[in-house]
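Numbering (the numbering used here), first residue to last: 6 to 169. For glycine and all other residues, C-beta sits at the position ideal for the given N, C-alpha and C. Notes follow once the structure below has been shown.
Okay, here's the thing in structure tokens:
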């Protein structure tokens, strides 16, 4: 019973604003695990007994999942730009005189949010395909750019509103 309540609580916290972030996080973890497996299998040349015990079905399933991710990547690119551009237009709903106080006008900006996270997801997958073993370095580089950028802008007293 405790596990089902815990799962129910976690699922109740998911909403349209959290879900795209979790999807990106799950895909990024999956790609990183693939990179680290490739690193270790090349580094140790399958000398580790653990690698020999992994069933071939796991490798086939992994190849299938990576193939599906790459198959759907063009759609993710399209949807990211479609949501971004549509979100820019739909955000104008706020300025309609009869809709200005409705909650719908507030959530009209969701397309911008979703498009941004789809774009980040597509870029991550594309970086994995392009950079391969160097994919983790891009994640570290983005984090460093963010940290240095925040520090630079805070010294200049420039702050960005994170509320959409």
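- In this structure, DSSP gives residue 128 a helical state, which the three-state scheme calls helix.
- Boundaries cannot be given for residue 113, as no alpha helix (DSSP H) includes it and DSSP labels it neither H nor E.
- A Cβ-Cβ separation of about 6 Å places residue 127 in contact with residue 78 under the 8 Å criterion.
- In the same chain as residue 133, and ignoring 5 residues on each side of it, the C-beta atoms closer than 7 Å to its own belong to 36, 140, in chain order.
- Secondary structure at residue 123: helix, using DSSP grouped into helix, strand and coil.
- Residue 100 sits in a helix when the DSSP states are folded into three classes.
- For residue 8, the three-state secondary structure derived from DSSP is helix.
- In this structure, the CA atom of residue 61 is about 10 Å from the CA atom of residue 67.
- Assignment of residue 35 by DSSP, reduced to helix, strand and coil, places it in the helix class.
- Around the C-beta of residue 19, fewer than 16 other C-beta atoms lie within 10 Å, and the residue is accordingly described as exposed.
- Contact between the segment 153 to 163 and the segment 41 to 59 is absent, with fewer than three C-beta pairs closer than 8 Å.
- Here residue 152 carries a helix assignment [DSSP, helix/strand/coil].
- A residue is called buried once 16 or more other Cβ atoms fall within 10 Å of its Cβ, and residue 137, having fewer, is exposed.
- Out of 160, 41, 159, 129, the CA that lies nearest to the CA of residue 146 is found in 129.
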